[in-house]
Amino acid sequence: MSMRRVAVVGAGMTKFMRRALETPKELAWLAAKGALDSAGMTLDQIQGVVHGTAPDAFDGLHMKGEYLSEGSGGWKKPYLRCYVGGGTGVYAIAQGWFQVASGLFDTALVVCEEKMSTCLPHPQAAFLTIFDNITEQPLKPNLLWIFALEQNRYMARHGIRVEEIARVSVKNKRNALGHPSAQLGAELTVKDVLASEIMAWPVHRLMVSPTSDGAAAVVLAAEDVAKRVTDKPVWIQGVGWCLDTTYWTNRDLYYPEYVEKAAWMAYHMAGIREPRQEINIAEPYDPFAYKELHHLEGLQLAPKGKAPQLLADGVFDRDGDLPSSPSGGLLGVGNPIAAAGTMKVCELFWQLRGEAGPRQVPGKPRRGVAQAWGDLMQVGTVVVMGTAQL
Amino acid sequence: MSGEPRTVRGTPLELADLKKGKVFTTAYVPKIQYAWDTGVAIGRYLEELKNGRLIARRCQRCQRTMVPPRMFCERCFRSTDEWVYVQDTGTVNTFSLCYVSWDVRRLKTPEIPAVIEIDGASPGMGIMHVLGKVNPKQVRVGMRVRAVWKPPPQRTGSITDILYFAPIKGKTTKVGTAKKPR
Ligand SMILES: [Zn+2]
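The listed protein sequences correspond, in order, to chains C and Y.
The first sequence begins at 1 in my numbering and counts up one residue at a time.
The second sequence begins at 1 in my numbering and counts up one residue at a time.
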């Protein structure tokens with residue numbers, strides 16, 4: 001493939017919070033400006049702008065992409081809004097990547113934003129419409145159903161216990177204590193997690209990420225620009241995404257095949273054959289505790305059904321062999337839908353540059369993978385980033 | 001300039017700040033109505049639900065019998081070939097005991113959503129529904145269940161013409177290894 005090399009040269013994000021004073025547009029601006037500042041660049045150096053945000057129903061604003069364009073730096077520029085549910089935050093990186101990799105632009109600004117607090121009494125009600133309008137919505141499903149059904153299937157197929165899954169909440173919320181923008185960092189025990197309210201068995205309250213307001217952004221640049229603006233570019237070594245069927249009850253939910261496909265697309269591009277050996281940090285999507293384990297397996301970083309054991313062995317701790325969600329993840333930092341995946345990409349940027357402060361993973365990590373997931377439990381989006389220019 | 005921002009960007013608010021009028025807000029309650037066409041495949045599916053039966057569509061190429069039915073096979077990307085009646089019994093593929101309603105009210109008695117693999121359809125072909133007439137503590141993956149229908153005059157051609165699926169006494173199969181249809 002004759003693609004140009006593309007680097008991340010700047011990253012920025014807002015605090016993730018249950019309710020922000022700022023409008024969506026103001027949140028997007030804060031993240032976009034933060035990313036530009038961190039690259040030492042100004043908007044006139046940006047050629048293309050990619051924006052990601054969830055359904056208009058959250059905000060009650062039609063043409064939300066257009067509404068958000070100025071905040072994202074899109075004024076009088078080629079502007080693209082993209083969306084694949086929760087997968088958007090990493091998908092948007094791929095959209096920006098191919099604008100630069102193709103040679104179309106030398107620079108792209110990728111901004112993802114979500115403000116969920118607008119929807120009252122709770123944004124959960126806006127999720128009802130993701131279910132099939134004729135065969136499922138009349139049963140009055142809620143979003144917890146599909147997560148609980150998937151978690152139970154995962155547990156039943158492998159004989160996994162709820163307490164093994166609770167460890168993800170403990171790890172991620174603890175990691176988030178070191179993140180200045182985190183919403184829900186906490187020092188908890190497995191017992192605390194299991195003592196929290198059962199929302200939809202086997203899902204307890206502390207296994208669910210919060211709803212959040214927030215935004216995150218990165219600046220992408222072609223090789224020559226990247227080397228001019230920074231001496232520490234973080235290269236995008238591979239991107240991948242894949243969509244499975246919306247007939248989700250016709251699939252075995254115990255394993256996310258679409259994540260595997262997306263991961264291999266990115267790994268092949270990055271020349272990775274043994275992901276477990278060649279990846280130093282993972283930022284898998286963790287809107288619910290079990291999802292981190294499910295996704296580590298889909299990402300080929302744990303054998304099927306074995307992620308809980310590796311977690312218990314400390315492999316995924318910040319100082320473990322393969323740190324997972326050193327940021328604190330969605331469970332700890334927060335989950336403003338589209339922005340959450342981009343937060344994970346920001347984390348890889350900081351980690352791989354050795355700039356993650358109290359969250360820094362030891363041992364000078366050289367390569368990381370970030371992944372997001374969404375739609376009707378059907379999309380995997382993956383980006384591999386590294387310090388080496390392949 | 002580089003590195004992780006040490007400045008935290010954004011201003012957190014509490015819901016109380018809105019209620020107390022500490023910040024200005026405006027409100028919008030959408031009043032929108034839709035009439036969804038049920039289409040060819042699901043139209044027939046609903047018609048058969050009204051008759052107290054489940055119907056599927058079969059693709060001759062990949063040999064899958066699909067429920068909910070569809071007029072084209074998304075894998076083979078060709079028209080499906082025939083209507084096939086399937087059973088109103090099946091096996092619980094997965095379930096949850098849900099203590100929160102769709103509009104986030106807390107429930108004392110849990111709703112029991114489940115994916116039920118339908119007998120007569122291809123392995124792994126399930127539909128989403130709820131379980132009833134069962135002690136929540138006794139629900140298991142692999143449990144055998146049967147549809148409990150509304151009385152014919154009350155049926156409207158809706159998935160809710162099945163009130164719920166209830167256990168078939170004493171029957172549980174092993175957690176499926178979900179063979180793929182091809
Ligand atoms: Zn077919």
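Every residue gets a Cβ at the ideal spot worked out from N, C-alpha and C, and that includes glycine.
Fair warning: this is a prediction, and the values are worked out from it, not measured in the lab.
Next item on the list: Output yes if chain Y places a C-beta closer than 7 Å to the C-beta of Thr-88 (chain C); else output no.
Entry: Your numbering for residue 88 (chain C) matches position 88 in the first sequence. So, not an interface residue.
Notebook entry, point to check: Leaving out five residues before and five after Leu-188 (chain C) in sequence, what residues of the same chain have Cβ atoms less than 8 Å from its Cβ?
Noted result: As a position in the first sequence, residue 188 (chain C) is number 188, starting the count at 1. Only Ser-169, Val-170, Lys-173, Arg-174 and Leu-206 meet the Cβ criterion.
Check: Roughly how many whole angstroms lie between the Cα atoms of Gly-332 (chain C) and Ser-212 (chain C)?
Finding: The residue labelled residue 332 (chain C) in the question sits at position 332 within the first sequence. The residue labelled residue 212 (chain C) in the question sits at position 212 within the first sequence. Roughly 11 Å separates the two Cα atoms.
Next item on the list: Would you please verify whether the beta carbon of Ile-134 (chain C) is less than 7 Å from any beta carbon of chain Y?
Entry: Numbered from its first residue, the first sequence carries residue 134 (chain C) at position 134. Yes, its Cβ sits closer than 7 Å to a Cβ of chain Y.
Next item on the list: May I have a chain-ordered list of the beta strand (DSSP E) segments no shorter than 3 residues that lie completely inside the stretch 290-374 of chain C?
Entry: Taking only runs of at least 3 residues, the beta strand (DSSP E) segments lying wholly in the stretch 290-374 of chain C are 367-374.
Notebook entry, point to check: Just to confirm, are Gly-87 (chain C) and Gly-374 (chain C) a CB contact at a threshold of 7 Å?
Noted result: Taking the first residue of the first sequence as position 1, residue 87 (chain C) is located at position 87. Taking the first residue of the first sequence as position 1, residue 374 (chain C) is located at position 374. Contact flag set, yes.
Check: For Leu-104 (chain C), is the classification buried or exposed, using 16 other Cβ atoms within 10 angstroms of its Cβ as the cut-off for buried?
Finding: Position 104 of the first sequence holds residue 104 (chain C). Counting the other CB atoms within 10 Å of its CB gives Leu-104 (chain C) a total below 16, which places it among the exposed residues.
Next item on the list: Confirm, please, whether the CB-CB distance from Arg-367 (chain C) to Ile-279 (chain C) is below 7 Å.
Entry: One-based indexing of the first sequence puts residue 279 (chain C) at position 279. One-based indexing of the first sequence puts residue 367 (chain C) at position 367. Cβ distance < 7 Å, so Ile-279 (chain C) and Arg-367 (chain C) count as in contact.
Check: Quick one: what's Ala-108 (chain C) bridged to in DSSP?
Finding: The residue you call residue 108 (chain C) lines up with position 108 of the first sequence. Its beta-bridge partners are C:Gly-48 and C:Leu-220.
Notebook entry, point to check: Touch check for the stretch 264-276 of chain C and the stretch 37-45 of chain C: three-plus C-beta pairs under 8 Å?
Noted result: They do not touch, by the three-pair rule.
Next item on the list: Can you grab the Cα-Cα spacing for the pair Ser-2 (chain Y) / Val-361 (chain C), in whole Å?
Entry: In the second sequence, residue 2 (chain Y) corresponds to position 2, counting from 1. In the first sequence, residue 361 (chain C) corresponds to position 361, counting from 1. Below a pLDDT of 50, predicted positions are generally treated as unreliable, and Ser-2 (chain Y), at 43, falls in that range; the measurement from the model is reported next regardless. So the alpha carbons of these two residues sit roughly 18 Å apart.
Item checked: Residue nearest to Gln-63 (chain Y) in terms of C-alpha spacing, selected from Y:Gly-52, Y:Leu-54 and Y:Arg-78 -> Within the second sequence, the letter at position 63 stands for residue 63 (chain Y). When each option's Cα is compared against that of Gln-63 (chain Y), the closest is Y:Arg-78.
Next item on the list: Examine chain Y for any beta-carbon lying closer than 7 Å to the beta-carbon of Asn-142 (chain C), and answer yes or no.
Entry: Within the first sequence, numbered from 1, the residue matching residue 142 (chain C) stands at position 142. At least one chain Y Cβ lies under 7 Å of Asn-142 (chain C).
Item checked: Whole-Å CB distance - Leu-80 (chain C) paired with Val-100 (chain C), under 8 Å assumed -> Mapped onto the first sequence, residue 80 (chain C) falls at position 80. Mapped onto the first sequence, residue 100 (chain C) falls at position 100. Between Val-100 (chain C) and Leu-80 (chain C) the Cβ distance is about 13 Å, and since that is not below 8 Å, they are no contact.
Checklist line | Beta-carbon neighbours of Met-199 (chain C), restricted to chain Y and to distances below 8 Å | finding: One-based indexing of the first sequence puts residue 199 (chain C) at position 199. Within chain Y, the C-beta atoms nearer than 8 Å to that of Met-199 (chain C) come from Cys-98, Tyr-99 and Val-100, in chain order.
Next item on the list: Using a Cβ cut-off of 9 Å, pull out every chain C residue sitting near Val-86 (chain Y), in sequence order please.
Entry: Looking up residue 86 (chain Y) in the second sequence gives position 86. Under the 9 Å cutoff, chain C gives no residues; its nearest Cβ is about 13 Å from Val-86 (chain Y).
Next item on the list: State the start and end residues of the unbroken beta strand (DSSP E) segment that holds Ala-16 (chain Y).
Entry: Numbered from 1 along the second sequence, position 16 holds the residue referred to as residue 16 (chain Y). For Ala-16 (chain Y), there is no enclosing beta strand (DSSP E); the residue is found in the alpha helix (DSSP H) stretching over 15-19.
Check: Do the stretch 83-99 of chain Y and the stretch 188-204 of chain C make contact, defined as three or more Cβ pairs closer than 8 Å?
Finding: Note that the stretch 83-99 of chain Y touches the stretch 188-204 of chain C; at least 3 beta-carbon pairs, one per stretch, sit closer than 8 Å.
Check: Just the Cα atoms here: how many angstroms apart are Tyr-255 (chain C) and Lys-304 (chain C)?
Finding: Numbered from its first residue, the first sequence carries residue 255 (chain C) at position 255. Numbered from its first residue, the first sequence carries residue 304 (chain C) at position 304. Between Tyr-255 (chain C) and Lys-304 (chain C), the C-alpha separation is close to 8 Å.
Notebook entry, point to check: When the Cα of His-295 (chain C) is compared with those of C:Arg-318, C:Gln-277, C:Arg-157 and C:Ser-325, which residue comes out closest?
Noted result: Here residue 295 (chain C) refers to the residue found at position 295 when the first sequence is read from its first residue. Nearest to His-295 (chain C) by C-alpha distance, out of C:Arg-318, C:Gln-277, C:Arg-157 and C:Ser-325, is C:Ser-325.
Check: Applying a beta-carbon distance threshold of less than 7 Å, which residues of chain Y neighbour Phe-363 (chain C)?
Finding: Residue mapping note: residue 363 (chain C) aligns to position 363 of the first sequence, counting from 1. Just to set this straight, residue 363 (chain C) is Gly in the shown sequence, not Phe. Within chain Y, no C-beta atom comes nearer than 7 Å to that of Gly-363 (chain C); the closest sits roughly 18 Å away.
Note to self: Bridge partners for Gly-189 (chain Y) per DSSP, in chain order?
What the structure shows: Because residue 189 (chain Y) is not part of the residues shown, which for chain Y are 1 to 182, the question remains open.
Check: Residue range of the beta strand (DSSP E) that Phe-95 (chain Y) falls in?
Finding: Residue mapping note: residue 95 (chain Y) aligns to position 95 of the second sequence, counting from 1. Per DSSP, Phe-95 (chain Y) is one residue of the beta strand (DSSP E) stretching across 89-95.
Check: From Tyr-45 (chain Y) to Asp-88 (chain Y), what distance separates their C-alpha atoms?
Finding: In the second sequence, counting from the first residue as 1, residue 45 (chain Y) sits at position 45. In the second sequence, counting from the first residue as 1, residue 88 (chain Y) sits at position 88. Taking the straight line from one Cα to the other gives about 13 Å.
Next item on the list: Scan the stretch 15-30 of chain C for residues whose Cβ lies nearer than 9 Å to a Cβ of chain Y and list them as they occur along the chain.
Entry: Listed in sequence order: Lys-15, Phe-16, Met-17, Arg-18, Arg-19, Ala-20, Leu-21, Glu-22, Glu-26, Leu-27 and Leu-30.
Check: Is the beta carbon of Pro-365 (chain C) sitting closer than 7 Å to the one on Ile-272 (chain C)?
Finding: Locating residue 365 (chain C) in the first sequence gives position 365, where the first residue counts as 1. Locating residue 272 (chain C) in the first sequence gives position 272, where the first residue counts as 1. No.
Margin query: Is the separation between the beta-carbon of Gly-10 (chain Y) and that of Glu-22 (chain C) shorter than 7 Å?
Written below: On the second sequence, position 10 is the one that residue 10 (chain Y) refers to. On the first sequence, position 22 is the one that residue 22 (chain C) refers to. For Gly-10 (chain Y) and Glu-22 (chain C), yes; Cβs fall inside 7 Å.
Next item on the list: Confirm, please, whether the CB-CB distance from Met-128 (chain Y) to Val-67 (chain Y) is below 7 Å.
Entry: The sequence position of residue 67 (chain Y) within the second sequence is 67, counting from 1. The sequence position of residue 128 (chain Y) within the second sequence is 128, counting from 1. No, Cβ-Cβ distance for Val-67 (chain Y) and Met-128 (chain Y) is not below 7 Å.
Checklist line | 4 or more residues per run - each alpha helix (DSSP H) lying fully within the stretch 210-284 of chain C | finding: Listed in chain order, the complete alpha helix (DSSP H) runs (minimum 4 residues) inside the stretch 210-284 of chain C are 223-229, 257-270 and 275-278.
Note to self: So, with DSSP's three-state summary, where would you put Leu-131 (chain Y)?
What the structure shows: Start at 1 with the first residue of the second sequence, and residue 131 (chain Y) comes out as number 131. Strand.
Next item on the list: List the DSSP bridge partners of His-204 (chain C).
Entry: Walking along the first sequence from the start, residue 204 (chain C) turns up at place 204. Under DSSP, His-204 (chain C) forms a beta bridge with C:Ile-198.
Notebook entry, point to check: Which residues, in order along the stretch 117-139 of chain Y, keep a beta-carbon less than 7 Å from a beta-carbon of chain C?
Noted result: Answer set for the stretch 117-139 of chain Y: Gly-124, Met-125, Gly-126, Ile-127, Met-128, His-129 and Val-130.
Notebook entry, point to check: How many angstroms separate the CA atom of Thr-14 (chain C) from the CA atom of Leu-352 (chain C)?
Noted result: The count along the first sequence starts at 1 and reaches residue 14 (chain C) at position 14. The count along the first sequence starts at 1 and reaches residue 352 (chain C) at position 352. Between Thr-14 (chain C) and Leu-352 (chain C), the C-alpha separation is close to 20 Å.
Check: Rounded to a whole number of angstroms, what is the C-alpha to C-alpha distance between Val-383 (chain C) and Glu-82 (chain Y)?
Finding: Stepping through the first sequence from its first residue, residue 383 (chain C) is reached at position 383. Stepping through the second sequence from its first residue, residue 82 (chain Y) is reached at position 82. When the Cα atoms are used, Val-383 (chain C) and Glu-82 (chain Y) turn out to be separated by approximately 42 Å.
Item checked: Sequence-distant residues of the same chain with beta carbon closer than 6 Å to Asp-224 (chain C), five excluded per side -> The count along the first sequence starts at 1 and reaches residue 224 (chain C) at position 224. The beta carbon of Asp-224 (chain C) sits closer than 6 Å to none of the beta carbons in its chain outside the five residues before and after it.
Next item on the list: Output the residues surrounding ligand 2, defined as those with a CB atom closer than 6 Å to any ligand heavy atom, in chain order.
Entry: This structure lacks ligand 2; the ligands present are ligand 1.
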